[in-house]
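Chemist: Protein chains in written order, with my numbering: chain A, 1 to 310; chain B, 311 to 433. Backbone N, C-alpha and C fix where the C-beta goes; we use that ideal spot for every residue, glycine too.
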Amino acid sequence: MTQPRILIVDNNKDYLDAAQKFFEAQGYFVLNASSPDEARPIFQQEPLDLAILDIRLIDNDDEKDTSGLELAKQSNPAVPKVMLTDYPSFQTVREAFSPVHNGGPLAVGYIAKAEGLEALLESVRLALLPLPPVFEKHLLRAFGATAPVALRNRLREIEPGDMTRRLRQTYEDTASELRGRREQENHRGSQLHTAGLVVRYLGILLILVACCVLIFTGSITGGVVTLIVGALTNAVELLFSRREDKSHQRAEYLYTELEENTHLVEIVVLAEMIESSADRDDYIKKIIDKLLSQSYGAKPPSPNSRRTKS
Amino acid sequence: MFFMLTKGTMDSNWMKQLGQVLAPLGTLKLVEVNEAMKQIKAKNDVVIVDATFVENAEAAVSSLRTQMPDSRIVVMSAAPTWKLARAAFEAGAIDYLPKTMNEDDLQDAFRQILEKPLPPWPR
């Protein structure tokens with residue numbers, strides 16, 4: 001697995017060094033910058049999976065300094081951002097989670113430095129969650145969370161004994177959607193195959209007609225034109241063939257995801273065999289934690305890392 | 311339409327004031343928490359959760375968003391904290407406003423809420 005590439009921007013060099021070492025130890029490739037001017041070329045030139053931006057990047061003593069948020073707004077919207085601050089406030093939280101031009105929030109996470117580097121790591125890991133998209137969608141829906149970062153908090157509120165039902169619901173909904181999409185993809189592949197065959201035979205027919213025109217009428221122009229049209233038709237058939245290949249690849253990918261989902265259902269079946277509901281819930285939480293921890297070589301957080309609830 | 315979740319027949323000067331502020335944008339209706347599902351049906355209705363009356367605003371937002379994915383949920387608080395604001399947004403709220411906002415700013419905020427895209431739902 002490749003290392004995720006993250007950028008950390010903070011004008012506090014001691015913190016920047018400590019954060020860089022921490023994330024490198026967790027398996028991340030880290031770039032750093034200590035000001036918006038240093039960060040901008042990195043955003044433009046380097047491939048990044050995520051950026052961690054301190055909010056006060058110019059003057060830590062100026063409560064109006066939101067240069068980190070401004071940098072977030074100006075930088076590549078495809079790079080998810082986690083905002084970091086020594087001076088958390090509801091105003092900056094509002095600004096961090098407000099929608100930007102692409103409809104999504106400006107930031108995917110907001111962490112106070114006082115919460116510690118492990119809370120920051122958790123936010124980053126959840127933002128880079130590599131779960132298969134269909135499974136992730138259904139997992140979040142079944143547990144009533146709108147984003148991976150909110151899922152952990154939701155797990156604490158689920159009624160006792162309800163975890164297994166929700167996880168099973170997740171697998172059933174995922175399997176149902178994957179099967180439906182695979183059938184659609186197979187159907188699309190068949191249609192493209194048929195269309196490609198029709199075009200190919202049409203092309204061959206046109207080439208034969210061209211030959212007949214050349215032989216029996218001696219008309220070179222007519223023959224050549226028909227030959228060119230026939231050749232172009234066969235070239236069009238190649239396009240159909242490529243699209244059909246891509247459709248088959250997508251169907252295979254969906255089949256792989258469906259197989260993985262089936263494998264995970266076995267875990268649910270095992271969970272349902274646990275007699276004590278408290279032990280069962282605990283087991284399910286560990287499963288979800290393990291799923292959430294599967295990130296590009298990054299290690300899961302220690303058992304003591306936890307955000308405090310408000 | 312704006313719906314304010316409330317308990318019992320709780321009413322207050324602040325709610326009346328909020329109704330007047332929102333009047334140019336829509337009608338404000340008080341709705342019991344357990345009646346919310348029956349009354350809030352239209353897409354893009356705004357549901358206002360007063361953090362004072364709800365034991366766990368984050369859970370309330372999450373539950374509302376799951377059951378009414380097209381509604382715009384706003385949390386308002388007399389004592390806003392950054393942690394509650396973060397929890398509200400992560401649970402799916404579209405905005406988090408202090409009750410102490412002046413009327414003009416409040417009206418502007420709700421006007422923007424009506425225009426904002428809904429927070430992203432799982433893909």
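Relative to the alpha-carbon of L258 of chain A, which residue among A:G218, A:R181, A:I228, A:L197 has its alpha-carbon at the smallest distance?
Modeler: Checked all of A:G218, A:R181, A:I228, A:L197; the closest Cα to L258 of chain A is A:R181.
Chemist: Figure out for me which residue from A:A25, A:I158, A:I207, A:I42 has the closest Cα to the Cα of A33 of chain A.
Modeler: Cα-wise, what sits closest to A33 of chain A is A:I42.
Chemist: Examine chain A for any beta-carbon lying closer than 8 Å to the beta-carbon of F399 of chain B, and answer yes or no.
Modeler: Closer than 8 Å to some Cβ of chain A, the Cβ of F399 of chain B qualifies, so yes.
Chemist: Taking Cβ positions, are L50 of chain A and V9 of chain A nearer each other than 8 Å?
Modeler: Contact: no.
Chemist: Per DSSP, what are the beta-bridge partners of K81 of chain A in this structure?
Modeler: DSSP output for K81 of chain A lists A:A51 as bridge partner(s).
Chemist: Can you tell me where the beta strand (DSSP E) holding G203 of chain A begins and where it ends?
Modeler: Where G203 of chain A is concerned, there is no enclosing beta strand (DSSP E), although the alpha helix (DSSP H) it sits in stretches over 163-212.
Chemist: Okay, do the region 357-374 of chain B and the region 384-392 of chain B touch, 3+ Cβ pairs below 8 Å being the bar?
Modeler: Result yes; three or more Cβ-Cβ pairs closer than 8 Å.
Chemist: Strictly by DSSP, which residues pair up with F29 of chain A?
Modeler: The partner list for F29 of chain A (beta bridge, DSSP) reads A:R5.
Chemist: Taking 8 Å as the CB-CB limit, is K409 of chain B close to chain A?
Modeler: For K409 of chain B, the answer is no, since every Cβ of chain A falls outside 8 Å of its Cβ.
Chemist: If you measure from the beta carbon of P277 of chain B to each beta carbon in chain A, is any gap under 8 Å?
Modeler: The structure shown does not extend to residue 277 of chain B, since chain B is modelled only from 311 through 433, so no value can be given for it.
Chemist: Would you call Q44 of chain A buried or exposed, if buried means 16 or more other Cβ atoms sit within 10 Å of its Cβ?
Modeler: By the neighbour-count rule (16 or more Cβ atoms within 10 Å), Q44 of chain A is not buried but exposed.
Chemist: Can you tell me the Cα-Cα spacing of A403 of chain B and A175 of chain A, whole angstroms?
Modeler: Their Cα atoms are separated by approximately 29 Å.
Chemist: Nearest-angstrom Cα distance between E425 of chain B and K113 of chain A?
Modeler: Spanning the two alpha carbons is a distance of roughly 33 Å.
Chemist: Using beta carbons (cut-off 8 Å, strictly below), is R94 of chain A in contact with chain B?
Modeler: Chain B contact via Cβ: present.
Chemist: Are the C-beta of S381 of chain B and some C-beta of chain A separated by less than 8 Å?
Modeler: No, its Cβ sits nowhere closer than 8 Å to a Cβ of chain A.
Chemist: How close, in whole Å, do the beta carbons of F313 of chain B and D355 of chain B come, if the pair is a contact with beta carbons under 8 Å?
Modeler: So it is a contact: roughly 6 Å between Cβ atoms.
Chemist: Cβ atoms of E244 of chain A and H187 of chain A: under 8 Å apart, would you say?
Modeler: No.
Chemist: Show which residues of chain B have a CB atom less than 7 Å away from the CB atom of R154 of chain A.
Modeler: Simply S372.
Chemist: Helix or strand or just coil, what does DSSP make of M325 of chain B?
Modeler: Correct three-state label for M325 of chain B: helix.
Chemist: Taking C-alpha atoms, which residue in A:G218, A:G222, A:L140 lies nearest to L206 of chain A?
Modeler: Out of A:G218, A:G222, A:L140, A:G222 has the C-alpha closest to the C-alpha of L206 of chain A.
Chemist: Taking the CB atoms as reference points, tell me whether F90 of chain A and A395 of chain B lie closer together than 8 Å.
Modeler: Yes. Within cutoff.
Chemist: Cutting at 7 Å between CB atoms, please list the residues of its own chain near P408 of chain B, excluding the five before and the five after it.
Modeler: For P408 of chain B, where only same-chain residues beyond five positions count, the Cβ hits under 7 Å are S387, P390.
Chemist: From L238 of chain A to R200 of chain A, what does the alpha carbon distance come to, in whole angstroms?
Modeler: For L238 of chain A and R200 of chain A, the distance between alpha carbons rounds to 9 Å.
Chemist: Measuring straight from C-alpha to C-alpha, what distance separates L121 of chain A and N234 of chain A?
Modeler: L121 of chain A and N234 of chain A: Cα-Cα distance of roughly 54 Å.
Chemist: Determine the direct distance from the alpha carbon of L374 of chain B to that of Q191 of chain A, and round the result to whole angstroms.
Modeler: If you take the alpha carbons of Q191 of chain A and L374 of chain B, they lie about 42 Å apart.
Chemist: In terms of DSSP beta bridges, what is I383 of chain B paired with?
Modeler: I383 of chain B is bridged to B:V357.
Chemist: According to DSSP, what are the bridge partners of L407 of chain B?
Modeler: Partner(s): B:M386.
Chemist: Which term fits S372 of chain B, buried or exposed, when burial requires 16 or more other beta carbons within 10 angstroms of its beta carbon?
Modeler: The residue in question, S372 of chain B, is buried, as its Cβ has 16 or more Cβ neighbours within 10 Å.
Chemist: Are there 16 or more other CB atoms within 10 angstroms of the CB of M273 of chain A, so buried, or fewer, so exposed?
Modeler: Looking at its Cβ environment, which holds fewer than 16 other Cβ atoms inside 10 Å, M273 of chain A is exposed.
Chemist: Inspect the beta-carbon positions of L332 of chain B and L338 of chain B and report whether they are closer than 8 Å.
Modeler: Result yes, Cβ atoms of L332 of chain B and L338 of chain B sit closer than 8 Å.
Chemist: Counting C-beta neighbours from all protein chains within 10 Å, is the total for L126 of chain A 16 or more, i.e. buried, or is it exposed?
Modeler: With 16 or more other Cβ atoms within 10 Å, it is buried.
Chemist: Does DSSP classify G223 of chain A as helix, strand or coil?
Modeler: DSSP places G223 of chain A in helix when its eight states are reduced to three.
Chemist: Classify E185 of chain A as buried or exposed, calling it buried when 16 or more other Cβ atoms lie within 10 Å of its own Cβ.
Modeler: Result: buried.
Chemist: Please name the residue in A:D86, A:V225, A:V134, A:S276 whose C-alpha comes closest to that of I55 of chain A.
Modeler: The shortest C-alpha separation from I55 of chain A is found at A:D86.
Chemist: Assign I111 of chain A to one of three DSSP states: helix, strand, or coil.
Modeler: Correct three-state label for I111 of chain A: strand.
Chemist: Can you tell me whether P41 of chain A is helix, strand or coil according to DSSP?
Modeler: In this structure, P41 of chain A counts as helix in the three-state DSSP scheme.
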